[in-house]
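Asker: Protein chains in written order, with the working numbering: chain Y, -19 to 165; chain P, 5 to 562.
Quick reminder that beta carbons are idealized off the backbone N, C-alpha and C, glycines included.
This structure is a prediction, so every number in the text was calculated from the model and none was measured.
Handing you a structure now.
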Amino acid sequence: MIDRREALAGVVAVFGANLFAPLARAAAYQPNPVINTGPPAPVFTAAQRAAVAALSERVLPTTDTPGAIAAGVPEYIEHMMGDWAVDDDRATILGGLAAIDARSMADYKVPAAKATAAQQDALLTLAMNDQLTGGLPFFTAFRQLVISGYYTSEVGITQERHYLPVPGDYDGAYPYSKVKRIFSS
Amino acid sequence: MAATDRFDAIVIGSGVSGGWAAKELTEKGLRVLMVDRGRMVEHGEDYPFDGKPAYEIPARDKMPAALAKRDYFALNGWVSPATQPFFINDRLNPYDYDAPNKFNWVRPSVVGGKSLTWGRWSFRWSPADFEANKREGVGTDWPIRYDDVAPWYEYVERYIGVSGGKENLPYLPDSEFMPPFPMNVAEVWLKERLEREFPGRKLINARLSNITEDKPEQNRSRCQKRAQCSHGCSFGAYFSTQAVTLPAARATGRLTLRSDTWATNVEYDPQRKRVTGVRLVDAKTGRAEVVPARMVFLCASAMSSMHVLLNSRPADSQRSWFHSNGALGSGVMDHIFRVGVSGEIPGMTDLVEFGRRPGGVYVPRFRNLVAEELPFKRGYGYQGQAFRQAAAPEGFGAGMKHAMREYGPWRFSMGAFGECLPYDDNRVMLNFDKKDRFGTPLLRFDVTFRDNEIKMMDDALEQGQLMLRQAGLTNVTGGRGAHVPGEAIHEMGGARMGRDPGTSVLNGFNQAHDAPNLFVTDGSQMASVSCVNPSLTFMAMTARAADHAVKQMKAGMI
């Protein structure tokens, strides 16, 4: 038995890209659309990607546990921007990156990605205090992206925090003193 | 399906109600065909995200906004990649409403229906719930009372397992309980203060279909406190068709289950006043056939059952066989839902939670239990829980990261579910100008909340904040969202039970007045909706109807 979708997919192959729109939509019929889990749709230029990585690491740096880069946060952010964000969201992030880069060039003669950690911290602080164009909206959104990406990553869930995959029991008065890393939710 | 196949009964839908119908009818000796429009999901093996942390779920379990808006708009942002496989694609399966009166119709896409993703709160309705319509002169009187249903509550509770605490409250009858999930230390603190400050009001354990003791005879283990229920639970720790009723029905050897099969209408013989079979469409091939049966249990979920009933009509008519008195489609209800309050509980910072419960605590209805001067009828209950999250420091960098290694204060939040009244002009109908991919006219909603519902939401918001403030919480906030009917996913009514065949669709045993071999046992039967969650009542009513149906069949009346 050949199902309708396979049959139409064959039709698409015959007509190539010029398929009449309703036919194309029917061929694409999927009861459960697939979410992109492969490489993110490219959103950033190489320079922007480098800046996102460097700045995310300053938001959640490597300490006694891995930081944002090791946790895959930059890739997560590009995923969010490519597959999740609407245009206004992208404008907030891309605009903020441009403002930070411009300030970095003016103050340090290098793009933000090449600035020192202390200089990057200074740039993020300017954004946080809304002393750059679009600074605070960028900082708020970017910080949220880094935090949500980090604490949903394997590093965040299993190293930075204590993951109980199958707690088995519940104790609603468990001594905090026995908690070495707070529990992943 | 071979033309020689004959079934004693066809069950349309395999969710909470359909699964119970299949279990009861097969166990009583009937050969049953159960159909579901959704794809097959086998217990355990088809739960792809069971036990998976966020990083093993596509997109860290965040739904792309554009996809949610385009394909899953009825869920209004609540669908996630882990639950998406269980929900229907709204774009490909449209329904109809007038733009200002939006209805968010949440539909599953799988065998098991919403039993895989439901909230699992399980309550008996009270005697007052079945009496309120008559006492207040609202809607139509129920043909049954609490005592008619009570033994069937007990019957289903013993089988599925309901956790909770005995309270002896006349307005919230106890179930046959397994031990409750315990309150945490902050909830115990709140209970003591709230009940002292507000005599007569209670804060009690959640009542859940999550079991706290093993049921080895059903291959089910007690809840493991993972709080991932809607991913599907291989432990079978909460009630679902897959974990509970489907294995029982299959064990009889008398069940035939067909997934990917849409029921478009029942076939009807107006001379004999009997349904004769069901028209089924194979979702994969589009092929239609009529499968005969001696009786039909319509358990497609309230509004899908309305769709089937409204579309069961003579070939040359737009009027359903079951619409002779004009009641069919009338009195559609949901619960009020979009009211929430929260606040901070001081102290107890040396204690935290270990494990993740599937539910917390409940503030049962306290309004209009006795004569009160309130601007609205009926009442609402609050579901909530206390919890601690990571501290929320500001800024960025190593200081922030390490500060997030501490817990913040105890917080408590709760949300209200309230009873909506039945209004005849809150209704569904067919739109013959728009058809779905199987050629069936779309179901069209004309449902709005009225003055009573709005005033109840106002009161719930005010009282919720008052209770938390007076109990000693700080930073108490509350909000009332724009509530689109359907969002509580407790849509009910449309084929109400009644004493009078002139104003109702079903009799007191869920039989259609116009066809005694047609039983409708899902939410569409409701003449009113209580303020508590309805699924346990669907189960009890379905088991009761199945018992009656088989007795009637054996007596030669069907």
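Inspect the beta-carbon positions of His339 (chain P) and Val533 (chain P) and report whether they are closer than 8 Å.
Answerer: Contact: yes.
Asker: Among the residues of its own chain, which have a CB less than 6 Å from the CB of Glu271 (chain P), if the five just before and after it don't count?
Answerer: The answer, listed in chain order, is Thr280, Gly281 and Val294.
Asker: Looking at Gln389 (chain P) and Gly364 (chain P), is the spacing between their C-beta atoms short of 8 Å?
Answerer: Yes, these two residues count as a Cβ contact at 8 Å.
Asker: Does the CB of Gln228 (chain P) have a neighbour CB from chain Y at under 8 Å?
Answerer: It does: the Cβ of Gln228 (chain P) has a partner Cβ on chain Y nearer than 8 Å.
Asker: How would you call Thr525 (chain P), buried or exposed, if buried means at least 16 neighbouring beta carbons within 10 angstroms?
Answerer: With 16 or more other Cβ atoms within 10 Å, it is buried.
Asker: Do the CB positions of Gln529 (chain P) and Ala553 (chain P) come within less than 8 Å of each other?
Answerer: Cβ distance not < 8 Å, so Gln529 (chain P) and Ala553 (chain P) don't count as in contact.
Asker: Nearest CA to the CA of Gly490 (chain P): which residue from P:Ala306, P:Leu314 and P:Glu31?
Answerer: It is P:Ala306 whose Cα lies nearest to the Cα of Gly490 (chain P).
Asker: What's the gap between the Cα of Ala253 (chain P) and the Cα of Gly23 (chain P)?
Answerer: So the alpha carbons of these two residues sit roughly 8 Å apart.
Asker: Just the chain P side, please: which residues come within less than 8 Å of His59 (chain Y) by C-beta, in chain order?
Answerer: Residues of chain P passing the Cβ test: Ala63.
Asker: Given a limit of 9 Å on CB to CB distance, which residues of the stretch 352 to 374 of chain P reach chain Y?
Answerer: Listed in sequence order: Met352, Thr353, Asp354, Leu355, Val356, Glu357, Phe358, Gly359, Arg360 and Arg361.
Asker: Give me the chain P residues within the contact set of Ser133 (chain Y), using Cβ-Cβ distance strictly less than 7 Å, ordered along the chain.
Answerer: Neighbours of Ser133 (chain Y) on chain P, chain order: Tyr59.
Asker: Leaving out five residues before and five after Gly482 (chain P) in sequence, what residues of the same chain have Cβ atoms less than 7 Å from its Cβ?
Answerer: Taken in chain order, the residues that qualify are Gly344, Val345, Leu465, Gly468 and Gln469.
Asker: CA-CA distance, Asn456 (chain P) and Cys424 (chain P)?
Answerer: Cα to Cα, the separation comes out at about 8 Å.
Asker: So which of P:Ala550, P:Asp218 and P:Ala241 has the shortest CA-CA distance to Leu212 (chain P)?
Answerer: Of the listed residues, the one whose Cα sits closest to Leu212 (chain P) is P:Ala241.
Asker: Quick one: Cα of Gly115 (chain Y) to Cα of Tyr411 (chain P), how far?
Answerer: For Gly115 (chain Y) and Tyr411 (chain P), the distance between alpha carbons rounds to 29 Å.
Asker: Is Gln139 (chain Y) near Thr45 (chain Y), with beta carbons less than 8 Å apart?
Answerer: Yes, the Cβ-Cβ distance between Gln139 (chain Y) and Thr45 (chain Y) is below 8 Å.
Asker: Give a yes or no on whether 8 Å exceeds the smallest Cβ distance from Pro413 (chain P) to chain Y.
Answerer: No, no contact with chain Y.
Asker: Could you pull the DSSP bridge partners for Glu140 (chain P) from this structure?
Answerer: Beta-bridge pairing links Glu140 (chain P) to no other residue.
Asker: Give a yes or no on whether the C-beta atoms belonging to Leu355 (chain P) and Pro147 (chain Y) are separated by under 8 Å.
Answerer: It is not a contact, given that the beta carbons lie outside the stated cut-off.
Asker: Using the C-alpha atoms, what's the distance from Trp125 (chain P) back to Met461 (chain P)?
Answerer: Rounded to the nearest angstrom, the two C-alpha atoms are 21 Å apart.
Asker: Between which residues of its own chain and Ala33 (chain Y) is the CB-CB distance below 6 Å, once the five residues before and five after are set aside?
Answerer: Excluding sequence neighbours, Ala33 (chain Y) sits near Ile49 and Pro54.
Asker: Quick check on Tyr272 (chain P): does DSSP put it in helix, strand or coil?
Answerer: Tyr272 (chain P) falls in the strand class under three-state DSSP.
Asker: So, do the stretch 316 to 336 of chain P and the stretch 413 to 432 of chain P have three or more beta carbon pairs nearer to each other than 8 Å?
Answerer: Touching, per the Cβ criterion.
Asker: Taking 8 Å as the CB-CB limit, is Leu71 (chain P) close to chain Y?
Answerer: Answer yes: the Cβ-Cβ gap between Leu71 (chain P) and chain Y drops below 8 Å somewhere.
Asker: Would the beta-carbon of Gly76 (chain Y) fall within 8 Å of that of Ala107 (chain Y)?
Answerer: A contact, by the Cβ cut-off of 8 Å.
Asker: CB Val142 (chain P) to CB Pro379 (chain P), shorter than 8 Å?
Answerer: No. Outside cutoff.
Asker: Which residues in chain Y sit within 9 Å of Lys66 (chain P), going by Cβ to Cβ distance?
Answerer: Ordered by position in chain Y, the residues that pass the 9 Å Cβ test against Lys66 (chain P) are Met60, Trp64, Ser128 and Thr132.
Asker: Counting pairs of Cβ atoms below 8 Å between the stretch 10 to 22 of chain P and the stretch 36 to 52 of chain P, do you hit three or more?
Answerer: Contact holds: three or more Cβ-Cβ distances are below 8 Å.
Asker: Between the beta-carbon of Asn93 (chain P) and the beta-carbon of Asp65 (chain P), is there less than 8 Å?
Answerer: It is not a contact, given that the beta carbons lie outside the stated cut-off.
Asker: Compare the C-beta of Ala86 (chain P) with all C-beta atoms of chain Y and state if any pair is closer than 8 Å.
Answerer: Chain Y, which has no Cβ nearer than 8 Å to the Cβ of Ala86 (chain P), makes this no.
Asker: For Val367 (chain P), count neighbouring Cβ atoms within 10 angstroms of its own Cβ and tell me buried if that reaches 16, exposed if not.
Answerer: With 16 or more Cβ atoms within 10 Å of its Cβ, Val367 (chain P) is classed as buried.
Asker: Grouping DSSP H, G and I as helix and E and B as strand, with all else coil, what is Ile215 (chain P)?
Answerer: Ile215 (chain P): coil per DSSP, three-state reduction.
Asker: Closest by CA to Lys27 (chain P), which one among P:Gly257, P:Lys195 and P:Cys227?
Answerer: Of the candidates P:Gly257, P:Lys195 and P:Cys227, the one whose C-alpha sits nearest the C-alpha of Lys27 (chain P) is P:Gly257.
Asker: Let me know the secondary structure DSSP gives Asp354 (chain P) once reduced to three states.
Answerer: Looking at Asp354 (chain P) - three-state DSSP - the assignment turns out to be coil, as it is neither helix nor strand.
Asker: Compare the C-beta of Leu103 (chain Y) against all C-beta atoms of chain P and say whether one is closer than 8 Å.
Answerer: Taking Cβ atoms only, chain P never reaches closer than 8 Å to Leu103 (chain Y), which makes this a no.
Asker: Measuring straight from C-alpha to C-alpha, what distance separates Asp428 (chain P) and Asp450 (chain P)?
Answerer: Asp428 (chain P) and Asp450 (chain P): Cα-Cα distance of roughly 11 Å.
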